[in-house]
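**Q** Take the sequence shown: its letters are residues 36 to 409, numbered as in our numbering.
Have a look at the structure that comes next, please.
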Amino acid sequence: PSLVGATMRFPYTFMVARFGGRNWTIVSASLLLIPAVLLGIVVSNPGTPFGVMLLVAALAGFGGGNFASSMANITYFFPQREKGLALGLNAAGGNVGTAVAQFAVPIAVTIGAGATLNIALAGWMWIPLILLAMWGAWRYMDNLSNAKADVAGSAAALREPHLWLLALLYIGTFGSFIGFASVFPKLIADQFPAFSTLQVGQAAISLAFLGALVGSIARPFGGRLADRFGGARVTVAAFGTMALGALALVWALPLQSFWIFLGCFLVLFAATGVGNGSTYRMIPNVFAARGLALAADATTSASMQRKAAAALGLISAIGAYGGFVIPQILNASQLATGAYVAAFYGFVGAYVVLLALTAVVYVIPRAGLAGQRI
């Protein structure tokens, strides 16, 4: 789902401008009925081939595309000075969905189930919510006539070196968030099987939802801190905390203490959330500084604004591939060494490199950015 979701973000980014925010929200929400219905069907049949299960899992990636179109739609409704908070709150709401799923699905499939789990409810439970979202979009949303797809702006943004550097930073923050959020339940089950689910009455819950919840709540604070102290400085602090959190996990894993493991991971999740908000806030600031560095005329400024608007969607899409990469690295470490320690050492190294890149390029004033700290 993470791979398909990241890929779907590219076309979904342009769909709002092509069909209208209201119309596309109804259509994109209706597409979510496909994996929800199919999941309920395939898990009810023990003879379902593994390839079919993979296909249904891939179709769940439609949700990742939905996130991109939602972010694109939000940008048309707010002035520039209010977009940071609006985007942060919208993104936090979308990210909280991961926590909701990890909390609600175990309860839905276990409550009142007895000896047989209600696995099909993992799909069926979303159908009324999807229908409610479709109705809400039809009833309350609007299509804006000034929402236009800027293909030329996107092409120009792709030629800007800072887009690729910012995308790399976003892979480190947002990619780490969705990657760790998706694999956290498995990590708990592998390392601490006794804590994979906790029985509460007739239902089972998984504490894995806490990671996604903490990261989602932290994201708007990252944007606010970036407004006050500068996005680059906050991003440096976030990568530093992420490196320390990953290093602490290397130390914590051999201790076999679930609560130390959980605490270290929640620190890591909080840092990814703050980094998500601060890195995303850096994007328009970087392109504005580039416009000042190149020329002060209105044409150049308008060109950079177009690039910045396009870069928000493109960087979001590129960064989402981290959600696919993180689980693959952890799996490779487990297969090669029988443990996750090597993977976390790799994450520590990656975060230190990203910290250094952020500091050198965006914290230290440079002529290419008009001497500004981002």
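We put the CB at the ideal spot given by N, CA and C, even for glycine.
Are the CB atoms of alanine 247 and tryptophan 133 within a distance shorter than 8 Å?
**A** Mapped onto the sequence shown, residue 133 falls at position 98. Mapped onto the sequence shown, residue 247 falls at position 212. Note that residue 133 is threonine in the sequence shown here, rather than tryptophan. Cβ atoms of threonine 133 and alanine 247: closer than 8 Å.
**Q** Just mark isoleucine 213 as buried or exposed, buried being the case when its beta carbon has 16 or more other beta carbons within 10 Å.
**A** For the purposes of this step, residue 213 is taken as the residue at position 178 of the sequence shown. Buried: at least 16 other Cβ atoms inside 10 Å.
**Q** Would you check if there are 3 or more beta carbon pairs closer than 8 Å linking the region 154 to 163 to the region 269 to 284?
**A** no
**Q** Give the straight-line distance between the Cα atoms of alanine 323 and glycine 406, rounded to the nearest whole angstrom.
**A** Reading the sequence shown from its first residue, position 288 is the one you call residue 323. Reading the sequence shown from its first residue, position 371 is the one you call residue 406. Looking at the two C-alpha atoms, the distance is approximately 12 Å.
**Q** Taking only three categories from DSSP, how would you classify valine 285?
**A** The sequence position of residue 285 within the sequence shown is 250, counting from 1. Look at valine 285 here: in three-state DSSP terms it is helix.
**Q** Using a threshold of 8 Å, state whether the C-beta atoms of glycine 354 and isoleucine 154 are closer than that.
**A** As a first step, residue 354 is located in the sequence shown; it is residue number 319 there, counting from the start. As a first step, residue 154 is located in the sequence shown; it is residue number 119 there, counting from the start. No, these two residues do not count as a Cβ contact at 8 Å.
**Q** In three-state terms, what does DSSP make of leucine 390?
**A** By one-based count along the sequence shown, residue 390 stands at place 355. In the structure shown, leucine 390 sits in a helix (DSSP, three-state: H, G or I).
**Q** I need the boundaries of the alpha helix (DSSP H) containing leucine 233, first residue and last residue.
**A** In the sequence shown, residue 233 corresponds to position 198, counting from 1. Counting along the chain, leucine 233 falls outside any alpha helix (DSSP H), though it belongs to the beta strand (DSSP E) covering 233 to 235.
**Q** Can you check whether the CB of phenylalanine 45 is closer than 8 Å to the CB of leucine 67?
**A** Counted from its first residue, the sequence shown places residue 67 at position 32. Counted from its first residue, the sequence shown places residue 45 at position 10. No, Cβ-Cβ distance for leucine 67 and phenylalanine 45 is not below 8 Å.
**Q** My understanding is that valine 387 touches valine 285, with C-beta atoms under 8 Å, so please give their C-beta distance in whole angstroms.
**A** For the purposes of this step, residue 387 is taken as residue 352 along the sequence shown, with counting starting at 1. For the purposes of this step, residue 285 is taken as residue 250 along the sequence shown, with counting starting at 1. Their Cβ separation, rounded to whole angstroms, is 14 Å, which puts valine 387 and valine 285 out of contact at 8 Å.
**Q** Rounded to whole angstroms, what is the Cα-Cα separation between glycine 258 and lysine 221?
**A** Walking along the sequence shown from the start, residue 258 turns up at place 223. Walking along the sequence shown from the start, residue 221 turns up at place 186. The alpha-carbon atoms of glycine 258 and lysine 221 are separated by roughly 30 Å.
**Q** With C-beta atoms as the reference, is serine 105 less than 8 Å away from asparagine 80?
**A** Indexing the sequence shown from 1 puts residue 105 at position 70. Indexing the sequence shown from 1 puts residue 80 at position 45. Not in contact: serine 105 and asparagine 80 (Cβ atoms no closer than 8 Å).
**Q** Can you give the beta carbon distance from glycine 358 to serine 63, rounded, assuming they're within the 8 Å contact cut?
**A** The sequence position of residue 358 within the sequence shown is 323, counting from 1. The sequence position of residue 63 within the sequence shown is 28, counting from 1. Taking a contact as a CB-CB distance under 8 Å, the pair glycine 358 and serine 63 does not count as one, their CB atoms being some 19 Å apart.
**Q** By alpha-carbon positions, which one of Ile350, Arg325, Gly55, Tyr47 ends up nearest to leucine 179?
**A** One-based indexing of the sequence shown puts residue 179 at position 144. Residue Gly55 is the option with its Cα nearest to leucine 179.
**Q** Looking at C-alpha atoms only, which residue of Thr83, Ala343, Ala202, Ser251 is the closest neighbour of glycine 28?
**A** Because the chain spans 36 through 409 in this model, residue 28 falls outside it and cannot be assessed.
**Q** Give me the residue from Ala374, Val360, Ile409 with the minimum Cα distance to alanine 216.
**A** As a first step, residue 216 is located in the sequence shown; it is residue number 181 there, counting from the start. Of the candidates Ala374, Val360, Ile409, the one whose C-alpha sits nearest the C-alpha of alanine 216 is Val360.
**Q** Are the CB atoms of arginine 325 and leucine 404 nearer to each other than 8 Å?
**A** Counting from one through the sequence shown, the residue named residue 325 turns up at place 290. Counting from one through the sequence shown, the residue named residue 404 turns up at place 369. It is a contact, given that the beta carbons lie within the stated cut-off.
**Q** Counting only runs that start and end within the region 43 to 116, where is the alpha helix (DSSP H) found for 4 or more residues in a row?
**A** Those alpha helix (DSSP H) runs which fall completely within the region 43 to 116 and span 4+ residues are 56 to 66, 68 to 77, 85 to 94, 97 to 110.
**Q** Report the three-state DSSP secondary structure of isoleucine 353 (helix, strand or coil).
**A** If you number the sequence shown from 1, residue 353 lands on position 318. Of the three classes helix, strand and coil, the one that applies to isoleucine 353 here is helix, per DSSP.
**Q** Quick check on the DSSP output: the alpha helix (DSSP H) that includes tyrosine 375 runs from which residue to which?
**A** Here residue 375 refers to the residue found at position 340 when the sequence shown is read from its first residue. Segment: none, tyrosine 375 is in no alpha helix (DSSP H) and carries neither H nor E.
**Q** Between which two residues does the alpha helix (DSSP H) harbouring arginine 316 extend?
**A** In the sequence shown, residue 316 corresponds to position 281, counting from 1. Unbroken alpha helix (DSSP H) run through arginine 316: 293 to 329.
**Q** Exposed or buried, which one is serine 292 when buried takes at least 16 other CB atoms within 10 Å?
**A** Translated into the one-based positions of the sequence shown, residue 292 becomes position 257. When all chains shown are included, serine 292 counts as exposed.
**Q** Rounded to the nearest angstrom, how far is the Cβ of alanine 103 from that of glycine 348, given a contact under 8 Å?
**A** As a first step, residue 103 is located in the sequence shown; it is residue number 68 there, counting from the start. As a first step, residue 348 is located in the sequence shown; it is residue number 313 there, counting from the start. Indeed they touch by this definition, with Cβ atoms about 6 Å apart.
**Q** Looking at arginine 254 and alanine 127, is the spacing between their C-beta atoms short of 8 Å?
**A** Against the sequence shown, residue 127 aligns to sequence position 92. Against the sequence shown, residue 254 aligns to sequence position 219. Cβ atoms of alanine 127 and arginine 254: closer than 8 Å.
**Q** Out of curiosity, what's the CA-to-CA distance linking phenylalanine 256 and proline 84?
**A** Translated into positions along the sequence shown, residue 256 becomes position 221. Translated into positions along the sequence shown, residue 84 becomes position 49. Roughly 44 Å separates the two Cα atoms.
**Q** Nearest to alanine 71 by alpha carbon, out of Ala92, Pro114, Asn58?
**A** Along the sequence shown, one-based indexing puts residue 71 at 36. The residue with the shortest Cα to Cα distance from alanine 71 is Ala92.
**Q** Which class does alanine 239 belong to by DSSP, given the choice of helix, strand or coil?
**A** Position 204 of the sequence shown, counted from the start, is the residue given in the question as residue 239. For alanine 239, the secondary structure class from DSSP, reduced to helix, strand or coil, is strand.
**Q** Taking C-beta to C-beta, are phenylalanine 264 and glycine 310 nearer than 8 Å?
**A** On the sequence shown, position 229 is the one that residue 264 refers to. On the sequence shown, position 275 is the one that residue 310 refers to. Against a cut-off of 8 Å, the Cβ pair of glycine 310 and phenylalanine 264 comes out as no contact.
**Q** Span of the alpha helix (DSSP H) holding tyrosine 175?
**A** For the purposes of this step, residue 175 is taken as residue 140 along the sequence shown, with counting starting at 1. Tyrosine 175 -> alpha helix (DSSP H) spans 162 to 175.
**Q** How far does the alpha helix (DSSP H) with arginine 194 in it extend, from its first residue to its last?
**A** On the sequence shown, position 159 is the one that residue 194 refers to. Counting along the chain, arginine 194 falls outside any alpha helix (DSSP H), and DSSP gives it neither H nor E.
**Q** Sorted by chain position, which residues of the same chain lie with C-beta nearer than 6 Å to methionine 50's C-beta, five sequence neighbours on each side aside?
**A** On the sequence shown, residue 50 is found 15 positions in, with the first residue counted as 1. So the qualifying residues of the chain are Trp59, Ser104.
**Q** Quick check on this structure: which residue in His197, Ile76, Gly280, Phe296 has the alpha carbon closest to the alpha carbon of phenylalanine 230?
**A** If you number the sequence shown from 1, residue 230 lands on position 195. Considering only alpha carbons, the answer is Phe296.
**Q** By alpha-carbon positions, which one of Ala391, Arg57, Gln369 ends up nearest to phenylalanine 112?
**A** Taking the first residue of the sequence shown as position 1, residue 112 is located at position 77. The residue with the shortest Cα to Cα distance from phenylalanine 112 is Arg57.
**Q** Please report the straight-line C-alpha distance between valine 398 and glutamine 234, rounded to a whole angstrom.
**A** Walking along the sequence shown from the start, residue 398 turns up at place 363. Walking along the sequence shown from the start, residue 234 turns up at place 199. For valine 398 and glutamine 234, the distance between alpha carbons rounds to 48 Å.
**Q** How long is the line joining the alpha carbons of glutamine 137 and threonine 276, rounded to whole angstroms?
**A** Against the sequence shown, residue 137 aligns to sequence position 102. Against the sequence shown, residue 276 aligns to sequence position 241. Straight-line measurement puts the Cα of threonine 276 at about 25 Å from the Cα of glutamine 137.
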